[in-house]
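Asker:
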Amino acid sequence: MSKGSFMASATLLAKENGISGFGPDDSESIVQALKRYWGYESFRPGQEQIVRSIVSSRDACVVMPTGGGKSLCYQLPAVLDAKRTAMVVSPLIALMQDQVAQLEQMGIPAGFINSSLSGGERNETLQRACQGAYRLLYLSPERIALNGTPDWLKRVPVSFFAIDEAHCISEWGHDFRPEYRQLSRLRDLFPNHPIAAFTASATRRVRQDIVEQLRLRDPLKHISSFRRANLRYVVRQCNAKAQMQVLLQAVRRITDGSVIVYAPTITRVGETVDFFEENGIPAIAYHGQMGALARRKNQEKWMADEVRVMVGTIAFGLGIHKSSVRAVIHLALPKSVEQYYQEAGRAGRDGLPADCLLFWQKKDAGLHAYFIGQISEHEERERAWQRYHEVEDFVNSEECRQLYICRHFGELPKWEECGECDACAGVPDWLEEAAHTQKREGRAFPAVLTEESQATANPRALANGPDAELREYMREWRRNISRQKGISAFIVMYDTTLDQLCATRPSSVSELRRVPGFGEKKTQMYGEQILAALERFRNGERALLAMPALRRKRSDFSKRARLWKKLQKFASASLVP
Ligand SMILES: Nc1ncnc2c1ncn2[C@@H]1O[C@H](COP(=O)(O)OP(=O)(O)OP(=O)(O)O)[C@@H](O)[C@H]1O
Ligand SMILES: [Mg+2]
Ligand SMILES: [Zn+2]
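Going letter by letter, the sequence shown gives residues 675 to 1251 in the working numbering.
(1) Just to confirm my understanding: we take Y714, look at its own chain, exclude 5 residues before and 5 after, and list those with CB closer than 7 Å. What are they?
(2) Less than 7 Å between the CB of Q771 and some heavy atom of ligand 1, yes or no?
(3) Report the CB separation of Q771 from F786 in whole angstroms; it is logged as a contact under 8 Å.
(4) Is the Cβ-Cβ distance between A1006 and D1029 less than 8 Å?
(5) Quick check: does the Cβ of A707 come within less than 7 Å of any heavy atom belonging to ligand 1?
(6) For ligand 5, any of its heavy atoms closer than 7 Å to the Cβ of M918?
(7) Cβ of S898 versus every heavy atom of ligand 2: is any distance shorter than 7 Å?
(8) Going by C-alpha distance, which of Y812, D849 and G847 is nearest F834?
(9) Ends of the beta strand (DSSP E) at C1176?
(10) When you measure from the CB of A995 to every non-hydrogen atom of ligand 1, does any distance come out below 7 Å?
(11) Does the beta carbon of D838 fall short of 7 Å from some heavy atom of ligand 2?
(12) By the three-class DSSP mapping on this structure, what secondary structure does D1141 have?
(13) What three-state label does DSSP hand I869 in the structure shown?
(14) Tell me which residue opens and which closes the alpha helix (DSSP H) that F1164 is part of.
(15) To the nearest angstrom, how far is it from the Cα of R1216 to the Cα of R1153?
(16) Does the Cβ of S745 lie closer than 7 Å to at least one heavy atom of ligand 1?
(17) Which partner residues of I897 appear in the DSSP bridge assignment?
(18) Measuring only between beta-carbons, confirm whether V1183 sits less than 8 Å from chain D.
(19) Check each candidate in A807, V725 and G847 and name the one with the smallest Cα separation from E1054.
(20) Which residue spans inside the region 1012-1044 form an unbroken beta strand (DSSP E) run of at least 3?
(21) For a quick check, are the C-beta atoms of I884 and A874 less than 8 Å apart?
(22) If you run the structure through DSSP and keep just helix, strand and coil, what is G1201?
(23) Using a threshold of 8 Å, state whether the C-beta atoms of E1091 and L1077 are closer than that.
(24) Go ahead and label L687 buried or exposed: buried means 16 or more other beta carbons lie within 10 angstroms of its beta carbon, across all protein chains shown.
(25) Is it the case that the CB of C1092 approaches a heavy atom of ligand 3 more closely than 7 Å?
(26) When burial is assigned at 16 or more other CB atoms within 10 Å of the CB, is G1025 buried or exposed?
(27) Could you pull out every residue in the same chain whose Cβ sits closer than 7 Å to the Cβ of K975, ignoring the five residues on either side in sequence?
(28) For ligand 3, is there a heavy atom less than 7 Å away from the beta-carbon of Q1203?
(29) Output the residue ranges of the alpha helix (DSSP H) runs that lie fully inside the region 792-878 and measure 4 residues or longer, sorted by chain position.
(30) How about P1102 and V908: do their beta carbons lie closer than 8 Å?
(31) Indicate whether M741 and R1023 have their beta-carbon atoms separated by less than 8 Å.
(32) Can you name the start and end residues of the beta strand (DSSP E) that T939 belongs to?
(33) Going by DSSP, what residue range makes up the beta strand (DSSP E) through R1000?
(34) Relative to ligand 3, is the shortest distance from any of its heavy atoms to the C-beta of R910 smaller than 7 Å?
(35) What does a CB cutoff of less than 7 Å around Q776 pick up in its chain, not counting 5 residues either side in sequence?
(36) For ligand 1, I want to know if A775 counts as a neighbour, meaning its beta carbon is within less than 7 Å of at least one of the ligand's heavy atoms.
See the structure below:
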C-alpha cells in the first residue's frame, strides 16, 4: 500500500463523515474526529504526532505509561479510513470485548475474532470483515498464527496493524508470550502495511526487540516519560503480622475510589479476602483457578463499584480501565521492576493522587527462588534471576522511586527527586505508626480515623454536600444503565467523565456535548436520559443505594459475607470446566 492510498481513503472517509479537508497538514480534521467520536477537546502529549505518523503510513513504536491514552493513537487513524480496517492484536479476550463495546458506544464499527465466538459468529464476522464493515478488528496473536489466517486476512481491506501490549513479544520483557513471536510473520505477509506497536513498559532492550521482531522500518519512536507525577510510591519491608496491619490501615484510609491488592499466591488471595471480611471490609477475589465466568463477574462488580477492594494474583489487571483506583498495594516483591511499574500504574489513571504501596517480606525471596527454579530453560531462568535482582535493588535503594523507575527504563531525567515517595519524603506517619502499633500492642488498629488523616490521604476524601450526592446519584443511574444493557459501567461512561458531568451540571444537550467524553453518539444515546436524571436530582431525588462503604458494621456484613462466600463456592464449583 502506498502512502497515497491511505491518505486518499482517509480523505474520502473524512468527507463522508463531514470532516472537512483531511490531510497530513490539516490538523483540524483530526481534531474534528477527536471531538466527534471521543468528545475530547485536545490531544494528550504525543498522541497527535503518533496519529499523524500512522496516517502517513509510517511504522511506530510507542511507549506510553498505563492510562496515557495509547488506544486512541491507533483508533483515531482507523476511524479516518472509511473503507478499510485496522487490525489490532491484543492479548486478552476480555480486553478485546471491552474495547469493541466502547467503540460501539462511540459509533465506531468494530469487531473481534477470538475463541469466545461460535463457528457461526466467527464466519459472520469474517464475512463482514471482508466487506470492510469494520474500522477496527481485534485479533489474538494465536489467531494470526493459525494456518488459515493469512488467506482470509488477505481478503480484508487492511489499513494497518496495531500491536497492543507489544512488550509480550520480547523474552526480555516481563510478560513474554510465545504466541506474540508469530507476529514476525506480518511483515512478510503484508510488506506494505504500516505496523504500529504499543506498550506501557519496555526497557531499552525490549524496545529494540520489538523493533527487530516486528521488523519495523524507520518507525516513529515515541517514548513518554515514565514518571507518573500523581503517584506516590512507598516501599516498606515488614513481617507477616505487620504487613496485614499496614494493609488494613492503608485500605481504611481510602474513603473514595477503589483499591487493588496483589497477593503472591492464590492461597494468599483467599486469606486476604477473609482478613478484610473479618475486619468489616467487603472485598472480592480474582485468580487463575476461578472459573472464567466467576472471574469476569467479580471484575464487573469491582468495575461497577459494587465492591471496592479487589484482591488478585497478577492474573488480574491487564487492560483494567478503571480510572479511580486510589491505591495499588503489593503484598510481595514483584517479579520485575517493569511488572511492578505496570501493576502499580493501574492506580490514578484519572490523574488524581494515588498511592502505590509495596509491603514486602524477607521470605518473598524464597517464593521467587522456588518459581524461578521451576523454569526449565536455562537462559530464561537466568533472565528471571536478573529481573529478581533488579527488584531487590529497587526496594533496597535509597534513591527516589520515580527516578529509579525512569532510569530503569533508560530515561535520563533532569530532576533528582519527586518529593513524594518514601525515599524523598520518608515513610508516611500513618504507616510508621501502624507498623509500630502492631509491634507495641500486637493488635489491630483503632477503626476510627480522624477526619484530618483521611483528608491528607485523599484530597477528595472530604468531598461532601451536593456534589457528592450528585455523584452518587449519577453513579446509580450509570449502574442501572450498565445492568440494563449488560455492559460494564465504565463502558457507559468513565469516572472522569461522570465527575465532569457532575461538576458542570449541563442543562441542555449542547451543554452536555461540551463535557469531555461526550462524543456525538454518546450524547445521542444518553443525552435526554442524563438531562432528565439531572432534573430529577434538582427536584430533590437522591440515590437509593449509597456507594458501598469500605467499612460496614461487622454484624450485618458477616451475614452477607457468609452468603456471598457460599454463592462464590457454588459459582466456582459449577464453572470448573
Ligand atoms: N486526548 C484525551 N483527552 C482526554 N482523555 C483521554 C485522551 N486520550 C485518552 N484519554 C482517556 O485516557 C484513558 C486511558 O486511555 P487508554 O485506555 O488508551 O490508556 P492506555 O495507554 O492504553 O493504558 P494501558 O497501558 O493501561 O492499556 C481513557 O479513559 C481514555 O478515554
Ligand atoms: Mg491500552
Ligand atoms: Zn521520590
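Glycine is no exception: its CB is placed at the ideal position from the N, C-alpha and C atoms.
Answerer: Straight from the coordinates:
(1) L708 and P1190
(2) no
(3) 7 Å
(4) no
(5) no
(6) Ligand 5 is absent from the structure shown, which contains only ligand 1, ligand 2 and ligand 3.
(7) no
(8) Y812
(9) First-last for C1176: D1169 to T1178, but that is the alpha helix (DSSP H), not the beta strand (DSSP E).
(10) Correcting the residue type first, residue 995 is His in the shown sequence and not Ala. A heavy atom of ligand 1 is found nearer than 7 Å to the CB of H995.
(11) yes
(12) helix
(13) strand
(14) A1163 to V1166
(15) 14 Å
(16) yes
(17) V737, per the DSSP bridge assignment.
(18) The structure shown contains no chain D; it is built from a single protein chain.
(19) G847
(20) 1028-1034
(21) Taking 8 Å as the Cβ cut-off, I884 and A874 do not qualify as a contacting pair.
(22) helix
(23) yes
(24) Residue placement at L687 cannot be trusted, given a pLDDT of 48 that sits under 50; the coordinates are not used to answer.
(25) yes
(26) exposed
(27) Beyond the five residues adjoining it in sequence on each side, K975 comes within less than 7 Å, by CB distance, of I958 and V981 in the same chain, given in chain order.
(28) no
(29) 793-804, 815-819, 823-829, 852-855 and 859-863
(30) Going by C-beta atoms, P1102 is nearer than 8 Å to V908.
(31) This sequence places Gly at residue 741; Met is not what is there. It is a contact, given that the beta carbons lie within the stated cut-off.
(32) It is not in any beta strand (DSSP E) - T939 carries neither H nor E in the DSSP assignment.
(33) V999 to H1004
(34) Not so, every heavy atom of ligand 3 lies at least 7 Å from the Cβ.
(35) I1165
(36) no
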